[in-house]
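Here's the structure, in structure tokens; my notes come after.
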Amino acid sequence: MTAPYDDLETRDAKTRATAQLAGLQEQIARVEDSPGSCLAGGQVVQIGDLIRLPVLRKSQLVEWQRADPPFGGIPVQNITHIFQSPGPIYEPGGSGRDWWRFGRFLAACGIGAGDVVQNCFGYHLTPAGTMFENGARAVGAVVVPAGTGQTELQVQAAAAAGVTAYAGTPDYLKVILEKADEMGVTLQISKAAVSGGALFPQLRQYYADRGIACLQCYATADLGLIAYESAADSGMIVDEGVILEICTPGTGDPVPDGEVGEVIVTTLNPDYPLIRFATGDLSAVMDGQSPCGRTNMRIKGWMGRADQTTKIKGMFVRPEQVAALVAKTGADRARVIADRDGDADRMIVQIEGTDLDADALSTAVKDILKLRGDVTLHAPGTLPRDGLVIEDRRTYDT
536 MTAPYDDLET RDAKTRATAQ LAGLQEQIAR VEDSPGSCLA GGQVVQIGDL
586 IRLPVLRKSQ LVEWQRADPP FGGIPVQNIT HIFQSPGPIY EPGGSGRDWW
636 RFGRFLAACG IGAGDVVQNC FGYHLTPAGT MFENGARAVG AVVVPAGTGQ
686 TELQVQAAAA AGVTAYAGTP DYLKVILEKA DEMGVTLQIS KAAVSGGALF
736 PQLRQYYADR GIACLQCYAT ADLGLIAYES AADSGMIVDE GVILEICTPG
786 TGDPVPDGEV GEVIVTTLNP DYPLIRFATG DLSAVMDGQS PCGRTNMRIK
836 GWMGRADQTT KIKGMFVRPE QVAALVAKTG ADRARVIADR DGDADRMIVQ
886 IEGTDLDADA LSTAVKDILK LRGDVTLHAP GTLPRDGLVI EDRRTYDT
């Protein structure tokens, strides 16, 4: 097992919660003081009060940035870079020590002083390359800013520079290794820090068979590091610089621990305060602590997309509409199913709860979803807890 990056990783729950509350209150104060703030009066006296604050979605951030470029009026400070991601969304970046907190992940990978990291994340407009380089500097590693492509040159550089660690997407390292085999070049890579794609078990095993310990992290351009694996290979440990919630898609309502829901993150970075930022990704909280000794919450990693917007009968149905249906009818939860009836679309609305009026539910479905559908009633606790509020069962094979 690798040693913790710092003492924050092994704090007890009470100490962590106290520190997070103080950081959260400072972030709220920063945002409240900005012109046109949506958080005016957003009092938080305990971490649980966070759910009273609005959820910020990427679509809303895009609108803010169009109206007030480049950062939509969010109070930003101490930055050295401006990045652009699809949307477009503009993200600030800083050059301060471990600004995106990737040093914590690289340390968990065993990367540190004495390592030379071949950084195969892109440096053009999007921030991934700079994020990993900033983290590598924080742990004392030397960086080869390789980017992507030109695989033969990648092999030559890795061999000449004595590269010992790789950073990049999970599959590209395999491309480099196979090219090295083809060229008859022996590389010294024994560690890999990957993100931006799926690390399938067979690919992880391929690297292990070649003596390379490969770990992955979960991060976004807006938030930086969110969670990361350790050598214990037991879920993803939530980063110390964020507060993470798992909520029903389309809402800001937390789900019980263990249930699948949307990842909503508040970053404690004072230079770019994002509060209750919806990632659009699904995950679930794991019980207990990691065997590696790090004590923060763990999640199961990426489990799909929370933005389940689906077109049915030519109309888009969104998770937010399903949430509004639940709120209006007093149901416990609802699930919209898109299916086929011959060559036509069919919508089924499953609603869970007690003492519900079928006629009133049908009217609410039509009013809120703008479509007619078959409404079925279900007893409390019987609908799946898999994070889906809209399920598309349609196939187009026949």
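According to my numbering, numbering within the sequence shown proceeds without interruption in unit steps and concludes at 933.
All C-beta atoms in this analysis are idealised placements derived from N, C-alpha and C, irrespective of residue type, glycine included.
Alpha-carbon spacing of residue i relative to residue j, whole angstroms
i	j	result
D547	V820	18 angstroms
D768	L896	46 angstroms
A879	R745	52 angstroms
D867	R739	40 angstroms
V698	G645	14 angstroms
M771	Q612	30 angstroms
I907	T898	Contrary to the premise, residue 907 reads as Arg rather than Ile in this sequence. If you take the alpha carbons of R907 and T898, they lie about 9 angstroms apart.
A695	R565	48 angstroms
N916	L660	The sequence as given places Gly at residue 916; Asn does not occur at that position. G916 and L660: Cα-Cα distance of roughly 46 angstroms.
I781	G647	32 angstroms
T704	D921	27 angstroms
Q555	L803	8 angstroms
V677	Y701	11 angstroms
A642	R551	20 angstroms
Q581	P791	19 angstroms
R929	V710	36 angstroms
R811	M718	49 angstroms
R870	K848	17 angstroms
Y540	G815	29 angstroms
L817	T721	40 angstroms
Paired residues, beta bridge with residue i - DSSP
i	result
P789	C782
S620	I624
T755	G759
T802	V777
K726	A700 and A748
A813	I799
N654	P680 and A702
Local Cβ density within 10 Å of residue i, reported as buried at 16 or more and exposed below that
i	result
P919	exposed
N669	buried
F735	exposed
Q723	exposed
P662	buried
E598	exposed
A858	buried
E626	buried
T933	With a pLDDT of 48 at T933, under the threshold of 50, the modelled position of that residue is not reliable, and no figure is offered here.
P805	exposed
Q751	buried
Presumed contact (8 angstroms Cβ cut-off) between residue i and residue j, rounded CB distance
i	j	result
Y763	F667	Going by Cβ atoms, the distance from Y763 to F667 rounds to 12 angstroms, so no, they are not a contact pair.
P784	E794	About 11 angstroms separates the two Cβ atoms, so there is no contact after all.
V924	I886	Incorrect: roughly 12 angstroms between the Cβ atoms, too far for contact.
I617	L596	About 15 angstroms separates the two Cβ atoms, so there is no contact after all.
T665	G628	6 angstroms
> Where are the beta strand (DSSP E) runs, 3 residues long or more, that stay fully inside the segment 889-924, in chain order?
Replying inline: 909-913
>> As an exercise, report each continuous alpha helix (DSSP H) stretch of at least 4 residues that is fully enclosed by the segment 544-600, in chain order.
In response: If one requires a minimum length of 4 residues, the alpha helix (DSSP H) runs lying completely within the segment 544-600 are 548-567, in chain order.
> What beta strand (DSSP E) runs, 3 residues minimum, are completely inside the segment 828-897?
Replying inline: 845-847, 850-852, 868-876 and 879-887
> At which residue ranges does the segment 666-721 contain complete beta strand (DSSP E) runs of 3 or more residues, listed in the order of the chain?
Replying inline: 677-680 and 700-703
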